[in-house]
Every structure is written in structure tokens, then in C-alpha cells.
Amino acid sequence: MQNIITTERLALRAFELTDAAQVAKLAGDKRVSEMTKNIPHPYSEQMAIDWIATHDALFKSGEGVNYAITKQGDDNVIGTVSFVEFSNGVGTLGYWLGFEYWGQGFMPEAVNALVHHYQHKLKGLAATHFTENTRSRKVIEKLGLYYVEDTMIEICGEQRDISVHQVAF
1 MQNIITTERL ALRAFELTDA AQVAKLAGDK RVSEMTKNIP HPYSEQMAID WIATHDALFK
61 SGEGVNYAIT KQGDDNVIGT VSFVEFSNGV GTLGYWLGFE YWGQGFMPEA VNALVHHYQH
121 KLKGLAATHF TENTRSRKVI EKLGLYYVED TMIEICGEQR DISVHQVAF
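In full-length UniProt numbering, the protein residues as written are 1 to 169.
Next comes the structure, spelled out in C-alpha cells:
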């Protein structure tokens, strides 16, 4: 069972199927989905249900973990922070935040809490972002990850530039 991780302003918890409508609303915002590799637009509530349904097996296998980001005292999801993969002690970060919560320092706070909570399991971190996503780059830099390279990936038939970052502990 995933522990709840708390910070001064946030509580990170396991997702529940009842979060699906809120996830679909936030992730379905084109401003959010166009900054992620894995969220299509439009994004339906059924897609959110299907995604949430994968979390328990991922956590139990030890291959990754997803947390809902909520504000302290308010159980409504405002985003997610995750290790989309653990491989050879390296945690690959994934995250998104609802548009109305951008620019308030929630994501660096959530990512730092996740990394701190799993530090015993980590030998390093990896993360990517679209090259134009300067907000995500700032989150990654605040964690101390180093730029490795820019590369291209295909998303929905379109080539997109991404920046790769990593750090070893």
C-alpha cells in the first residue's frame, strides 16, 4: 500500500477510481496534454479510469509509482507526480499539473517530496521534457539533474524535440 507523503502545502496519495472525472478534466485541458508525452487530447473519463486502474499493479511490481497531488485539507486532485519507471536504481520522473495550479511552486514541492520519500531506493534520477516546456525544465533543474542531450520522439505521428536530463547519487 502506498504511503501518503505530506509537505507543508500538499498531500501525495494513491489515486482512486473516483478521481477519474477530475483527472479527465485537468489532463484533458489542451494546455496540459500538449506538454506531456502520454496524454492524448481529447482525454476522456474512461481513459482516466483505465490509467488509474494500472497503478496498483505498477506499484506492487516495484517498477513504478503514481501519486495524486492534492492540497493539504482538500482531497481534490490537482495533478500527478510519479516514477514512471524504476530501472537499475534510476527513477524516471513523470508529472503534470492542472493549468490553474501552474506557477505556484506546487510541482517542485511535490517532486522533491517524492524523491525524498524514495531516496533509499534511488541511485539516480532521469527526466525528459519537451524543449519548449520551460516550466518543466525549471523543475528538473531545481532537482539538480544535468542536461544530457536533445533528441526527437514521435507523438501522434508528429516529431517532437525533447531534452533529456539525469543525475546519479
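The beta-carbon is built from N, C-alpha and C at its ideal position, and this holds for glycine as well.
Query                                                                                                        : Result
Pairwise C-alpha distance: Q22 and S87                                                                       : 30 Å
Beta-carbon proximity list for K142, same chain, < 6 Å, skipping 5 on both sides                             : P108
Spatially closest choice to L17 from N76, D29, Q119, by CA coordinates                                       : N76
The segment 22–34 in contact with the segment 93–107 per 3-pair CB rule at 8 Å                               : yes
Helix, strand or coil at K1 [DSSP, three-state]                                                              : Reading the sequence as shown, one finds Met at residue 1 and not Lys. Note: M1 maps to coil in three-state DSSP.
E100 in three-state terms, based on DSSP                                                                     : helix
Residues that Q159 bridges to, as DSSP identifies them                                                       : E154
Assumed close pair Y146, Q166 - CB separation to whole angstroms, cut-off 8 Å                                : 7 Å
CA nearest to the CA of G94, picked from F83, W102, G103                                                     : F83
N-terminal and C-terminal residue of the alpha helix (DSSP H) that A113 is part of                           : 106–117
S163 classed as buried or exposed, judged by whether at least 16 other C-beta atoms fall within 10 angstroms : buried
For I69, the nearest candidate out of Q104, R13, V32, A127 (CA to CA)                                        : R13
Check whether M47 and N133 have beta carbons under 7 Å apart                                                 : no
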